[in-house]
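Report on one structure; see the data block that follows.
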Amino acid sequence: MFFGPEEGHFALALGCVLAVFQCAIPLWAARSAKHQRLVALAPALAVGQLIALSLSFLSLILCAVNDDFSVQNVAANSAIAKPLLYKITGVWGNHEGSVLLWTLILALCGGAVSLFGRNLPDILRGRVLAILGGVSAGFQLFCLLTSDPFERLYPAPMDGQGMNPLLQDPGLAFHPPILYTGYVGFAVPFAFAVAALIEGRVDAAWGRWVRPWAVAAWAFLTCGIALGSWWSYYVLGWGGYWFWDPVENASLIPWLTGTALVHSAIVVEKREGLKIWTVLLAIATFSFSLSGTFLVRSGILNSVHAFANDPARGVFILALLAIVIGGSLSLFAWRAPSLTAGGLFAPVSREGALVLNNILLCSICAVVVTGTMYPPFMQLLAGRTISVGKPFFDAATIPLTLPLLLAMGLGTALPWKRANLSRSFTHLRTAIPLTLVGLALCWWHFSGVLPIACGVLSVWVIAASIADMMRRLGLRGGTLRSVLSRARSLPRSSWGATLAHIGAGITVLGLSGMSSAQHAIVEVPIGHTTHLAGDDWTLTSIRHLRGPNYNALQADITVSHNGHVITVLHPEKRDFTSQHQTTTEVSIHTNFLRDLYGVIGDQQGTGVNTTYVLRLHNNTLAPWMWLGALIMAIGGGLSLSDRRLRIGAPRRATALAEKTS
Amino acid sequence: MTRKTRRLWLVISCLACLGLAAGLTLRAFSSNIVFFMAPSQVRAHPPSPDRTIRLGGMVVAGSLHRIVAHNTPINEFQITDGQAAITVSYAGILPDLFREGQSVVALGTVEPGGAFTASEVLAKHDETYMPKEVAEELRRTGKWDPRFGKAPDAASWNTMTSSEDSSHKNTKTGG
């Protein structure tokens, strides 16, 4: 074969060597004026590493597509009968392949910094690439030494064993790459932070350079988390969307600190404040991302997602974590005091609101970390097995989310430096009627104090964001032409921020709505009608289907309201006989205000006494959770396309913007 | 506003928030921590009925039976750790990996009568894997030593259970 597994293995080793050079040369060269020209090697090395790793990844994909079962990883995770799409996506559905994907994405980040970072000072870019190279080298070593995806198997089996039907799903296929891009993307702000610490200088320009990377990573992480939650909602068939599983928390924790980072970097960019804090947040976010991988990969926290239960891998990853996190934190402790403090501001000001956002987000993050880490630590120290679940996280995080939402609506209307709370509030008076309507609707439809409060405040966030945008456009008393010209001159990043805030409001509204979701588990004969949430759910018929490699039981559940048929749901229970596995195919009908969600369980009895177990859900506002996340990510993307970020750093424009704001 | 007062404000708000977070966490911990218990522990020290626990062990072979009350399917089975067996009733669909004679973890509360009402049943591990808590409990009670091979079938434990009265009264908790 032209590009077989050995070549792939070699390319991986080559990438690792290039990464080591990418780390060592710029760091060494930047120290002395004599060798400074060598710093310019860093981008070339980063691109070289990217090419090597792409080839390596490509060769693994080729092995999977060509059914080369002499490669152990392919034999264990693929099979001849698997559809082509899942042969490709199955490459990263296992431990070895996912580590390789992780390093590939890290190399992609390095390549992106080389290509899009042309406006950066050479030394800074060299150092950023050096840090990325160092992290990359560590993970590639991990891949080569403890989890080699190209290991050969002799004798090669005739067919592979990897046909887990649960994993053959488009949602799961694209969930890891997007989530990993989010995780790994925070390596770039991290590298910027460490480079700034080495340099001993953080200024507004640094904030402007680091922010787009943080926003991009944040947008991907948002999408990744939402996709994972959506997958568990429509595949697992439990009607739930978030289980506070350690693995899920491991992605939520960096998202919380990452959100804080995206906001605090604004203060660095506009006002040169919160510099030390932003550097710390950048380090913390990537550290949490790394620990997230560690929690997933090592099996320290046992969970459905854990692939590896191999202690050698655990120790290697632990050492890697200690070097990266410990090293960067010690560097921070050593160099942070030399960074100068920034601009002054009053507690009530845009900066103050952003500080409040940071404090609250970090408090929520601390709660989630405690809830996630306390059980395994108690197990380790006291030998008691305990667990915490949704009740704990609900009770501890929602009271912190409420002030966050309140401040979120108000914050964007506050001016920089010093604000008058009542005047800013009058700017938002157009938001009051909408919020009151929201209050009435939430009162009517939701049950419980906390869901109603969350619902109202998220309506407030949406309304205030729209009101603030209307004020900026001069919609009140402005002509169409003036509004249009204002809309054009407004920076894309403000549009992006407004959109992201609206998205966050929509997500929280969806979450609050889900708290009043209703469900019923019934065992009924054909023709029986169940009443749930004001609708009649009738099991009209059952049929047996035969799929390509499974037998299925399919139900027709007619949902009607006052005799008027809304929809017919067709949930299935599939029995994959050769794998001894059954999967449930959920049937969902949505009208964007609620999901009608039906699952069929076991068949009981025979003949005329046959009954079927059904699980029926009426999920209020369920689609909003993921729609909001998508809008948040689009907002992030929109803010990335801002002119100021695309075209270098036009200092004059920034100076003007600072003066006017 | 001087630098000093600004710093004071920052410190005060940080402390207030962290204090709030710590308070919320502790409060939530005190009422929402879920302890893992084995059937013999539940027998010895029954937790109060409003306390959610995780009950883990093996499903006694032949103990699963189903009743339908008001069109709601209720599964009743026994969970044993070799010392004692607890009757569990669960209104809902058992997970696909649920098997008699295999390990299971049920989340729920102990009724005053001693029966266990589960709100969730977890059996998401494959046949070769036993939840850590269950394995530990088996080792602790001396029913199984992992050095001497696979765990015995749970059906045999029931007969190993010496004094314990494992015949259960059908506490029909329609739900």
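Residue numbers (our numbering), protein chains in the order written: chain C, 1 to 661; chain U, 1001 to 1175.
Glycine included, each C-beta is placed from N, C-alpha and C at the ideal position.
message: Give the list of continuous alpha helix (DSSP H) stretches no shorter than 4 residues that lie fully inside the stretch 440-525 of chain C.
response: The qualifying runs are 449-473, 480-489 and 492-514.
query: Excluding the five sequence neighbours on either side, which residues of its own chain have a C-beta within less than 7 angstroms of the C-beta of residue 356(C), listed in chain order?
result: Against the first sequence, residue 356(C) aligns to sequence position 356. In the same chain as residue 356(C), and ignoring 5 residues on each side of it, the C-beta atoms closer than 7 angstroms to its own belong to 407, in chain order.
message: Let's test the definition: count the other Cβ atoms within 10 Å of the Cβ of residue 476(C) and tell me whether it reaches 16, buried, or not, exposed.
response: Here residue 476(C) refers to the residue found at position 476 of the first sequence. Taking a 10 Å sphere around the C-beta of residue 476(C), we find fewer than 16 other C-beta atoms and assign the residue as exposed.
query: Are the beta-carbon atoms belonging to residue 30(C) and residue 39(C) less than 8 angstroms from one another?
result: On the first sequence, position 30 is the one that residue 30(C) refers to. On the first sequence, position 39 is the one that residue 39(C) refers to. Cβ atoms of residue 30(C) and residue 39(C): closer than 8 angstroms.
query: So, do the stretch 73-82 of chain C and the stretch 141-161 of chain C have three or more beta carbon pairs nearer to each other than 8 angstroms?
result: The stretch 73-82 of chain C vs the stretch 141-161 of chain C: in contact.
task: Determine the direct distance from the alpha carbon of residue 569(C) to that of residue 587(C), and round the result to whole angstroms.
output: As a first step, residue 587(C) is located in the first sequence; it is residue number 587 there, counting from the start. As a first step, residue 569(C) is located in the first sequence; it is residue number 569 there, counting from the start. One C-alpha to the other measures close to 6 angstroms.
- request: Quick one: using the 10 Å Cβ neighbour count with 16 as the cut-off for buried, is residue 484(C) buried or exposed?
  value: Position 484 of the first sequence, counted from the first residue, corresponds to residue 484(C). Flag for residue 484(C) reads exposed.
message: Quick check: is the beta carbon of residue 1116(U) nearer than 8 angstroms to any beta carbon in chain C?
response: Residue numbering aside, residue 1116(U) sits at position 116 when the second sequence is read from its first letter. With 8 angstroms as the cut-off, residue 1116(U) does not count as an interface residue toward chain C.
query: Which chain B residues are close to residue 1112(U), counting only those with a beta carbon under 7 angstroms from its beta carbon?
result: Absent from the structure: chain B. Protein chains present are C and U.
task: Keeping to the same chain, check which residues put their C-beta closer than 8 angstroms to that of residue 101(C); ignore five residues upstream and five downstream.
output: Residue numbering aside, residue 101(C) sits at position 101 when the first sequence is read from its first letter. Around residue 101(C): 57, 91, 92, 176, 177 and 180.
message: Taking its Cβ as the centre, do 16 or more other Cβ atoms sit within 10 Å of residue 401(C), making it buried, or is it exposed?
response: By one-based count along the first sequence, residue 401(C) stands at place 401. Under this definition residue 401(C) is a buried residue.
task: Count the other C-beta atoms from every protein chain shown that fall within 10 angstroms of the C-beta of residue 1004(U), then say buried if there are 16 or more, exposed otherwise.
output: Here residue 1004(U) refers to the residue found at position 4 of the second sequence. Exposed is the call here.
query: Is it true that the CB of residue 244(C) sits closer than 8 angstroms to the CB of residue 626(C)?
result: Indexing the first sequence from 1 puts residue 626(C) at position 626. Indexing the first sequence from 1 puts residue 244(C) at position 244. By the CB criterion at 8 angstroms, residue 626(C) and residue 244(C) fall outside the cutoff.
- prompt: Would you call the CB atoms of residue 354(C) and residue 267(C) closer than 8 angstroms?
  reply: The residue given as residue 354(C) occupies position 354 in the first sequence. The residue given as residue 267(C) occupies position 267 in the first sequence. Yes, the pair counts as a contact, with Cβ atoms nearer than the cut-off.
task: Provide the residue(s) that pair with residue 1058(U) in DSSP beta bridges, ordered along the chain.
output: Residue 1058(U) sits at position 58 when you count from the first residue of the second sequence. Bridge partners of residue 1058(U): 1080(U) and 1103(U).
query: For residue 1073(U), which three-state DSSP category applies?
result: Counting from 1 along the second sequence, the entry for residue 1073(U) is found at position 73. The answer is strand: DSSP assigns residue 1073(U) an E or B state.
field: CB of residue 137(C) within 8 angstroms of CB of residue 20(C), strictly
entry: Position 137 of the first sequence, counted from the start, is the residue given in the question as residue 137(C). Position 20 of the first sequence, counted from the start, is the residue given in the question as residue 20(C). At a Cβ-Cβ threshold of 8 angstroms, residue 137(C) and residue 20(C) count as neighbours.
message: Against residue 983(U), what residues of chain C qualify as contacts under a CB-to-CB distance less than 9 angstroms, listed in chain order?
response: There is no way to answer for residue 983(U), as the model of chain U reaches only from 1001 to 1175.
field: Extent of the continuous alpha helix (DSSP H) run through residue 594(C)
entry: Stepping through the first sequence from its first residue, residue 594(C) is reached at position 594. For residue 594(C), no alpha helix (DSSP H) segment is defined; the enclosing uninterrupted segment is the beta strand (DSSP E) at 594-604.
query: At a CB-CB cut-off below 7 angstroms, which residues of chain U make contact with residue 389(C)?
result: Residue 389(C) sits at position 389 when you count from the first residue of the first sequence. Contact annotation for residue 389(C) against chain U: 1034 [CB-CB distance below 7 angstroms, chain order].
task: Would you verify that the beta carbon of residue 1109(U) is, or is not, closer than 8 angstroms to some beta carbon of chain C?
output: For the purposes of this step, residue 1109(U) is identified with residue 109 of the second sequence, where counting begins at 1. Nearest CB-CB separation between residue 1109(U) and chain C: not below the 8 angstroms threshold.
Exposed unless 16 or more other CB atoms sit within 10 angstroms - verdict on residue 523(C): If you number the first sequence from 1, residue 523(C) lands on position 523. Buried is the label assigned to residue 523(C), since at least 16 other Cβ atoms lie within 10 Å of its Cβ.
field: Buried or exposed (CB count within 10 angstroms, at least 16 for buried), residue 150(C)
entry: As a working mapping, residue 150(C) is identified with position 150 in the first sequence. It is buried - the Cβ of residue 150(C) has at least 16 other Cβ atoms within 10 Å.
task: Identify the continuous beta strand (DSSP E) that holds residue 1090(U) and give its terminal residues.
output: As a first step, residue 1090(U) is located in the second sequence; it is residue number 90 there, counting from the start. Unbroken beta strand (DSSP E) run through residue 1090(U): 1085-1091.
field: Complete alpha helix (DSSP H) runs within the stretch 212-266 of chain C (minimum length 4 residues, chain order)
entry: As summarised for the stretch 212-266 of chain C, there are no continuous alpha helix (DSSP H) elements at least 4 residues long confined to that stretch.
task: Look at the alpha carbon of residue 290(C) and the alpha carbon of residue 1084(U), and state the distance between them as a whole number of angstroms.
output: Residue mapping note: residue 290(C) aligns to position 290 of the first sequence, counting from 1. Residue mapping note: residue 1084(U) aligns to position 84 of the second sequence, counting from 1. Roughly 43 angstroms separates the two Cα atoms.
task: Give the secondary structure of residue 575(C) by DSSP, where H, G and I count as helix, E and B as strand, and everything else as coil.
output: Here the question's residue 575(C) lines up with position 575 in the first sequence. Residue 575(C): strand per DSSP, three-state reduction.
field: Spatial distance of residue 629(C) from residue 498(C) (CA atoms)
entry: Within the first sequence, numbered from 1, the residue matching residue 629(C) stands at position 629. Within the first sequence, numbered from 1, the residue matching residue 498(C) stands at position 498. If I take the Cα positions, the gap works out to 14 angstroms.
field: For residue 1066(U), three-class secondary structure by DSSP
entry: Within the second sequence, the letter at position 66 stands for residue 1066(U). Three-state result, residue 1066(U): strand.
task: Count the C-beta pairs between the stretch 104-118 of chain C and the stretch 4-14 of chain C that are closer than 8 angstroms, then say yes if the count reaches three, no if not.
output: No, the stretch 104-118 of chain C does not touch the stretch 4-14 of chain C.
- prompt: When you compare each of 404(C), 418(C) and 426(C) to residue 697(C) by their alpha carbons, which one comes out closest?
  reply: Within the shown structure, residues of chain C are numbered from 1 to 661, placing residue 697(C) beyond reach of any answer.
query: Around the C-beta of residue 170(C), are 16 or more other C-beta atoms found within 10 angstroms, so that it is buried, or is it exposed?
result: Taking the first sequence and counting its residues from 1, one reaches residue 170(C) at position 170. Looking at its Cβ environment, which holds fewer than 16 other Cβ atoms inside 10 Å, residue 170(C) is exposed.
- prompt: Within 10 angstroms of its Cβ, does residue 608(C) collect 16 or more other Cβ (buried), or is it exposed?
  reply: Mapped onto the first sequence, residue 608(C) falls at position 608. Label assigned to residue 608(C): exposed.
- prompt: Can we say the stretch 525-534 of chain C touches the stretch 256-263 of chain C, given the rule of at least three CB pairs closer than 8 angstroms?
  reply: The stretch 525-534 of chain C, when compared against the stretch 256-263 of chain C, does not touch it at the 8 angstroms Cβ threshold.
query: Could you give the distance in angstroms between the alpha-carbon of residue 189(C) and the alpha-carbon of residue 638(C)?
result: The sequence position of residue 189(C) within the first sequence is 189, counting from 1. The sequence position of residue 638(C) within the first sequence is 638, counting from 1. As the crow flies, the alpha-carbon of residue 189(C) is around 19 angstroms from that of residue 638(C).
query: Counting pairs of beta carbons, one from the stretch 1018-1026 of chain U and one from the stretch 359-377 of chain C, are three or more of them closer than 8 angstroms?
result: Here the stretch 1018-1026 of chain U lies against the stretch 359-377 of chain C, with 3 or more beta-carbon pairs under 8 angstroms apart.
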